[in-house]
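**Q**
Residue numbers (my numbering): 1 to 187.
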């Protein structure tokens, strides 16, 4: 979660513990990107940062990793993946507020696309459907879903999405993450 960000020394320890001669770090959180970048100059190993700002963007990037490629080629391919994805999140609002003209009530579901609030509603299906529509905007061919602790039943959700988006390949996994019933990524 947002409160469990690693320190620079923890990132360096992880880099040094890795048996690889050269390391690629994916922060997977916008709050960790700068910390990871600080670790680059403090490590004894060559380090490349692929500045993934979310878990789902990091998963898209790691999907482009090929062990036989050079670190430079993998970095380039992973950066291309980051540039090509749109991410979404469904969470629960922790307080009453208003963001970009959207009224958000504590306890309501909150939908974000590329870190911007796009919808809030008491009905999870309303929020999920709006986030899905927005992440699939354009010529998206693939949708990845990562179900959290309080996710809707995945089989029902995937069946509904396949019915509504027959040309999109949908891949769903149980991630078990707290605070985010659903994480989404589209390419």
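Don't be surprised by glycine CBs; every beta carbon is placed ideally from N, CA and C.
None of the values given here were measured: they were computed from a predicted structure.
1) Report the residue from 127, 52, 177 and 6 whose alpha carbon sits nearest the alpha carbon of residue 81.
2) Where residue 119 and residue 175 are concerned, what is the direct C-alpha to C-alpha distance, given to the nearest angstrom?
3) Using the C-alpha atoms, what's the distance from residue 146 back to residue 173?
4) Tell me which residue opens and which closes the beta strand (DSSP E) that residue 102 is part of.
5) Alpha carbon to alpha carbon, how far is residue 97 from residue 107? Give it in angstroms, no decimals.
6) Below 7 angstroms CB to CB, which residues in the same chain sit around residue 26 once its five sequence neighbours on both sides are set aside?
7) For residue 35, does the three-state DSSP call read helix, strand or coil?
8) Nearest to residue 21 by alpha carbon, out of 79, 123, 48 and 64?
9) If residue 126 sits next to residue 184, beta carbons under 8 angstroms apart, how far is it from one beta carbon to the other, in whole angstroms?
10) Please list the terminal residues of the continuous beta strand (DSSP E) segment that includes residue 121.
11) Could you tell me the distance, in whole angstroms, from the CA atom of residue 83 to the CA atom of residue 117?
12) Under the three-state reduction of DSSP, which class applies to residue 49: helix, strand or coil?
13) If distances are taken between C-alpha atoms only, which option among 42, 24 and 157 comes closest to residue 69?
14) Measure the C-alpha to C-alpha separation of residue 104 and residue 66 and round it to an integer number of angstroms.
15) In its own chain, which residues sit with a C-beta less than 8 angstroms from the C-beta of residue 123, not counting the 5 before and 5 after it?
16) Taking 8 angstroms as the threshold (C-beta atoms), are residue 170 and residue 189 in contact?
17) Could you please give the first and the last residue of the uninterrupted beta strand (DSSP E) stretch that includes residue 24?
**A** On the basis of the supplied data:
1) 52
2) 23 angstroms
3) 5 angstroms
4) 102-104
5) 11 angstroms
6) 50, 52, 58, 61 and 62
7) helix
8) 48
9) Residue 126 to residue 184, Cβ: 15 angstroms. No contact.
10) 116-121
11) 20 angstroms
12) strand
13) 24
14) 42 angstroms
15) 109
16) An answer regarding residue 189 cannot be provided, because it is not within the stretch 1 to 187 covered by the chain.
17) 23-25
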